Structures are given as structure tokens and as C-alpha cells.
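Before any comments, here is the structure.
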Amino acid sequence: MYRDRKIALIIAAAGSGTRLGYSLPKQFIKMEGLGDMSPLQKSILTAGLVDEIDEIVVVTNSEYVELTHEQIAEKANAHSSSDTKSEDDERTQSSDNDYVLDKFQIAANNEKRGKNIAVIEGGDSRQESTSRGIGFALRDKPEKYLVLIHDAARPNASPDLYRRVIKETFEKGAVVPAIRVKDTIRDVKFGSLNREDLRAVQTPQGFAGEVIMSAVKNAEEKCFVGTDDASLVDFMGLPVHTVLGSESNVKITNPEDLSKTVCVGSGYDVHAFAENRKLILGGVEIPFEKGLLGHSDADVLTHALMDAILGAMGEGDIGLLFPDTNADYEGISSIELLRRVSTLMEKKFYTLENADITVICQAPKIRPYIDDMKKNLEGVLVPRNGINIKGTTTERLGFEGRGEGIAASATVLLSKPSWK
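This is the structure:
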């Protein structure tokens, strides 16, 4: 219904939240649990991995404009592009002053993705700040855009969550991610509520441009203040649909939200060479005279990585999760299987801190393909500190040295909130 539109992401980072006990707002605090990134930096980095997103608008407090610029340039691997301007860059501005502060272009995995990042000044409230972001993003052309609105204080929103919201927004026009409520909720006036009918709503929230623009204008005209962006659509009488959120997509508010426990896992896998098979490593097809034999695509690198992750979580191995006796997995992409492992990680509140993978073979040489492999793996797992891939030989010893097959080993470090 709303297809063939550009997608703009608005990151709300203008809040002054100080309940963590720091002098800076929480969205700017670099945290060990986020790989020494701030929630803002992690949110931008994750958005850079979502190919469907065309541009990003960061709405910040006027007091922290310079800090916002510094953090974007430092960790999002972005460069300023404010000197270049196209006809499509004309933007809606505030009635008193221009609040367009700067413009960057993100680059993920050392590859420019063509995502412009605009930094604009927010207002006195979250609703006013997101309203400015919406007006800026839509360029008075709401029918050409879908808008995603995300709180910078939710740095663990995954690429898959973004994609779920985007997919449904294309169809429904107004979508929020939501999870079931585990605690009993009590109305102080009317008593306990039926939690089967309740959901905890998260961000990113998705809207067709004309829907959220009309909702914002209607709220302004009627002096309505909502609790989130979807509540403005509710107030206008339009339906808001839900998609499955993520338990790990918590909003950082209190000090205990930052503590974590860590787990280590290791994985090892071997596949023999075979004629008339493609050679797939890390989701990349490598030109070679033979491929690897297996029930799936026999991606030995990704298999070792999945086994390491499953081991760290205490969830067995890929043979248990994806048995070769199941015809559904015949010829399946191992990157798709990795997505399913990533979903399991989300359900169990785990995040990949880092991974180190070694591919062992006499031939072919994998160095020219490592960047593409990392792009595939990091696009699914979004590690806090990156994925390292390296190749080695056995100096012609063993089955690898004789050119009979390829082995791979992986070591991972996972973390999860200590209160889960």
C-alpha cells in the first residue's frame, strides 16, 4: 500500500535524562556494555547496516551539538558532507532559525552506504523534537516517504527488528514493535488489568509520511501531548498495528540496565571438497574449481561461528538445531541459518561482543573476500566490537594441506544483561 518510498530514520537524542547519575545525558555516555560506544553511536551504527534505510536524522539538544558531531564522526565511521548539496536536500526549517546543523554520510564496514546523516536541533519536549525531525525528513513531500522514529536510549534494536517494522509499515502505514507484559499491571484506580491484552511498546516505530505528518499537525492544533509517536496516530483515530519486538531492546534508564554477564564459546567445523558444488565461505561465493560437500550450502566458516555462539549459550550445536535429516535445510544458505541463531540470541537476551574466526586450507586464498564476509556476518549479528576473520595453511600437512577440504574454528564472546 505504501511501497516504493524512501525511508528516513529519525533518532531522538535530545533528551536530558540523567537518572544514570552522570553529568551527560545517557545517549552520549560511552558504555562498556556497548563496546565503549554511546547509545547514540550504537544506534547509528546499527542503522547503517539496514540497507532499506536511505537517510538518518539525528535530533539533538542545542547544548550538545558539538558532542553529537564528534560522536557521529568518531564511531559511525562518517565524514562530513555539508559542503555538498543537491536539489533534493532542500529541507523544512523552523519558523525562527534554521535548525539544520550539519550533514554527514555514514560508512559501514569501511564501505560508503550512501546514507546521509543530518543533525538538527530539537525542541523543548520530545514531541516537539520529533515533530521537527519529521518536518525536516519529509521535505514537504510526505507521500514519498516512510518515517521510522527511534529512541537513542534503545541501542540494542537489531537490524532484523528494523526490517520487521519496515515490512509491516509498507503494508499498514502505522506500526510499533511490542512485547508481551510479564508482570501484572495494576491501575491504581480500577485494580489489576488483564495482561493478555497488554503489550510493552518499543521503538523504532514506523509510519507512512502523510500519516505521521497529519497526526503531528492534529496534535499541535488540539494541544494533545502523547506518550510516544504512535499515540498521536491513535489520537487521530487511525489504527496502529504491532509487530513482534525484542526483549533485548531495552531502554537504558537506570544504572542496573548497564551491568552484564559474559559467556565464551568455541566452534569447529570441517567439510570435504566435492565436484559440481559452489564454494561458499561467510556467505560469499568464491571462484574455485571445487565446492564443499554438505546438506546445506556447506559454509564451513559460518557453521563454526554458529557452533561457537550456540555453545556459549548452552544450546547444543547446529547438528541439533538444524539436523541434516530435515529436508527443509537441504541447500539452505548458512547466512539464513545464522539469522535464526541470531533470533535465538535475541530471545535469550544475548549480544555478540566479538568473534575471531580462522579458516584453515591450502587453497583458495580467502584474503580478497574477507571484507565481504565480515559485511555479511556483521549485518546479521551486529557485534559490539567487530568480527575478525583470518586464513592460514597447515604447511601442506593433514587433509587441509593435501587439498581435501577446509576446516574453520571460531571463538566468540557473548554478553547478556545480568538482571536477565
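Mapping to this note's numbering: the sequence shown position 281 is 1371, numbers consecutive.
Here a beta-carbon is modelled for each residue, glycine too, at the ideal position from N, C-alpha and C.
Computed from a prediction, not measured in an experiment: that's the story for all the values here.
Asked: Are any of the Cβ atoms in chain D nearer than 8 Å to that of A1290?; Found: In the displayed structure, chain D is absent; only one protein chain is listed.
Asked: Do you know how far the Cα of D1446 is from the Cα of D1230?; Found: 47 Å
Asked: With C-beta atoms as the reference, is K1205 less than 8 Å away from I1162?; Found: no
Asked: In whole angstroms, what separates the C-alpha of A1453 from that of H1393?; Found: 19 Å
Asked: Considering only their Cβ atoms, is the gap separating L1504 from V1360 smaller than 8 Å?; Found: no
Asked: Let's see if you can read the secondary structure: which residues bound the beta strand (DSSP E) around G1495?; Found: G1495 to P1507
Asked: Using alpha carbons as the reference points, say which of N1444, G1488, H1159 and M1463 lies closest to E1122.; Found: N1444
Asked: Quick one: residues in its chain with C-beta nearer than 7 Å to the C-beta of V1431, no 5 flanking neighbours on either side, listed in chain order?; Found: M1396, I1399 and L1400
Asked: What residue from I1496, V1449 and V1502 has the CA that sits closest to G1481's CA?; Found: V1449
Asked: If you drop the 5 nearest sequence neighbours on each side, which residues of the same chain put their C-beta closer than 8 Å to that of G1316?; Found: Q1217, A1309, L1322, D1324 and F1325
Asked: Inspect the beta-carbon positions of A1498 and V1330 and report whether they are closer than 8 Å.; Found: no
Asked: Tell me the rounded alpha-carbon separation between D1241 and T1220.; Found: 10 Å
Asked: Shortest alpha-carbon distance to K1234 belongs to which of S1248, E1211 and G1263?; Found: G1263
Asked: For D1273, I'd like the list of residues in its chain whose CB is within less than 8 Å of its CB, leaving aside the five on either flank, ordered along the chain.; Found: R1285
Asked: Thinking just about the alpha-carbon of each residue, which of G1125, K1132, D1141 and T1150 is nearest to the one in P1115?; Found: T1150
Asked: Is I1496 buried or exposed, if buried means 16 or more other CB atoms sit within 10 Å of its CB?; Found: buried
Asked: At what residues does the alpha helix (DSSP H) containing G1138 begin and finish?; Found: P1129 to G1138
Asked: Which stretch, first to last residue, makes up the beta strand (DSSP E) that contains V1265?; Found: A1264 to R1270
Asked: Specify, as a first and last residue, the run of the beta strand (DSSP E) that R1289 falls within.; Found: R1289 to V1291
Asked: Can you list, in chain order, the residues of its chain with a C-beta nearer than 8 Å to that of K1368? Leave out the 5 residues immediately preceding and following it.; Found: E1375, G1381 and D1387
Asked: Exposed or buried, K1464, counting other C-beta atoms within 10 Å across all chains shown (16 or more means buried)?; Found: buried
Asked: Helix or strand or just coil, what does DSSP make of I1450?; Found: strand
Asked: So for T1259, helix, strand or coil by DSSP?; Found: helix
Asked: Comparing alpha-carbon positions, which option in K1506, T1501 and I1097 lies nearest F1297?; Found: I1097
Asked: Per DSSP, which one or two residues make a beta bridge with F1325?; Found: Note: F1325 sits in no beta bridge, so no partner.
Asked: Would you check if there are 3 or more beta carbon pairs closer than 8 Å linking the stretch 1459–1477 to the stretch 1410–1430?; Found: yes
Asked: Quick check: the Cα distance between L1191 and H1159, rounded to an integer number of angstroms?; Found: Unreliable placement is indicated for L1191, whose pLDDT of 43 sits below 50; the coordinate value is still reported in the next sentence. Near 9 Å, if we compare the C-alpha coordinates of H1159 and L1191.
Asked: If I'm right that I1119 touches S1106 with Cβ under 8 Å, what's the distance once you round it to whole angstroms?; Found: Actually they do not touch by this definition, with Cβ atoms about 13 Å apart.
Asked: Counting only the same chain and skipping the five closest in sequence on each side, list residues whose C-beta sits under 7 Å from that of R1095.; Found: K1234, Y1235 and L1236
Asked: What is the residue span of the alpha helix (DSSP H) that A1305 lies within?; Found: G1299 to E1311
Asked: Check this for me: beta carbons of I1117 and A1243, under 8 Å apart or not?; Found: As written in the sequence, residue 1117 is Gln, which differs from the Ile given in the question. Taking 8 Å as the Cβ cut-off, Q1117 and A1243 qualify as a contacting pair.
Asked: Please classify K1464: does DSSP put it in a helix, a strand, or coil?; Found: helix
Asked: Among N1366, S1423, V1502 and R1457, which residue has its Cα nearest to the Cα of M1403?; Found: V1502
Asked: Please report how far the alpha carbon of L1522 lies from the alpha carbon of F1314, in whole angstroms.; Found: Here the chain has residues from 1091 to 1510 only, and residue 1522 is not among them.
Asked: Is Y1154 helix, strand or coil by DSSP?; Found: helix
Asked: Can you tell me whether DSSP reads F1489 as helix, strand or coil?; Found: helix
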